[in-house]
Each structure stands twice: as structure tokens, then as C-alpha cells.
């Protein structure tokens, strides 16, 4: 018969221990995007991490909320990514100096980052 008590090295001290499954939620880090340098000219590096396979959308908007450029719209596997924006719109034209918003969507999570293009 197996002894189910946990005994210390000291005679007379016996501890009863119960092992059970614990439901522990591991917090998922919030979605974050880093844009550098900021202000930028001529290129901006957009860095982000994907924790599990997800659809990823990365778009650039001007100060009026108009989409200037779609950089990414595809499925990404878990990893850290660096996407470079060279300051061109979807038609291949150089955008003007000013404030732009980087909008990163990974699955259902969305984060925005304000950047400045200075010429």
C-alpha cells in the first residue's frame, strides 16, 4: 500500500497534500505597434508581434481619416514583423508632409499610432 502522506525529514510531522487541476488564465499581452523613427523621412518602420495565426491588416490614414495606403491584408503566423512604409500612397505617389495614422488590426484587436512625415 502506497503512503499518500507527505512527510518531512522530521519525525512526527506529517502534511496532507492535495493535488488538483488549477484553471490559471495567462494574460495575453495587448496588441502594440511601434513606429520609428517618428517623425520620419523618408521611411517609417512599423513593428508588431502576432501571438497566434491571425488575419492582419495594416493601413495608413491621413488626418482627415482617408485611407492613404494599404500595406498588409493577409494571414500572419506567430512572429515579430517589421513593415516599412516609404511614404507612397496606393497610386504610387509620394504623400505630403503631415500627420498620418497607422491602423493595425490583428484578428479582432485594433491599435492606432500617430506618426509625422517631415520633409
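Numbering (our numbering), first residue to last: 118 to 236.
In this text, a Cβ means the ideal position worked out from N, Cα and C, and glycines have one as well.
Other residues of its chain near residue i: CB distance less than 8 Å, five sequence neighbours each side excluded
{"i": "residue 152", "result": "161, 162, 163, 164, 219, 230 and 232"}
{"i": "residue 171", "result": "192, 193, 223 and 224"}
Delimiting residues of the beta strand (DSSP E) encompassing residue i
{"i": "residue 166", "result": "161-167"}
{"i": "residue 150", "result": "150-153"}
{"i": "residue 182", "result": "Where residue 182 is concerned, there is no enclosing beta strand (DSSP E), given that its DSSP letter is neither H nor E."}
Buried versus exposed, by CB contacts within 10 Å (16 or more), residue i
{"i": "residue 216", "result": "exposed"}
{"i": "residue 186", "result": "buried"}
{"i": "residue 118", "result": "Confidence is the limiting factor: at residue 118 the pLDDT is only 45, short of 50, which leaves the residue's position unreliable, though a coordinate-based value still follows. The residue is exposed, with fewer than 16 neighbouring Cβ atoms inside 10 Å."}
{"i": "residue 180", "result": "exposed"}
Residue i in three-state terms, based on DSSP
{"i": "residue 118", "result": "Since pLDDT at residue 118 reaches only 45, below the 50 mark, its modelled position is unreliable, and no value is offered."}
{"i": "residue 206", "result": "coil"}
{"i": "residue 225", "result": "coil"}
{"i": "residue 173", "result": "strand"}
{"i": "residue 194", "result": "coil"}
Own chain residues within Cβ distance below 6 Å of residue i, not counting five before or after
{"i": "residue 173", "result": "189, 193 and 223"}
Proximity test, residue i beta-carbon vs the ligand SAH heavy atom, cut-off 7 Å
{"i": "residue 223", "result": "No copy of the ligand SAH occurs in the structure displayed, which carries no ligand at all."}
Nonlocal neighbours in the same chain, by C-beta distance under 7 Å from residue i, ignoring five residues either side
{"i": "residue 203", "result": "159 and 160"}
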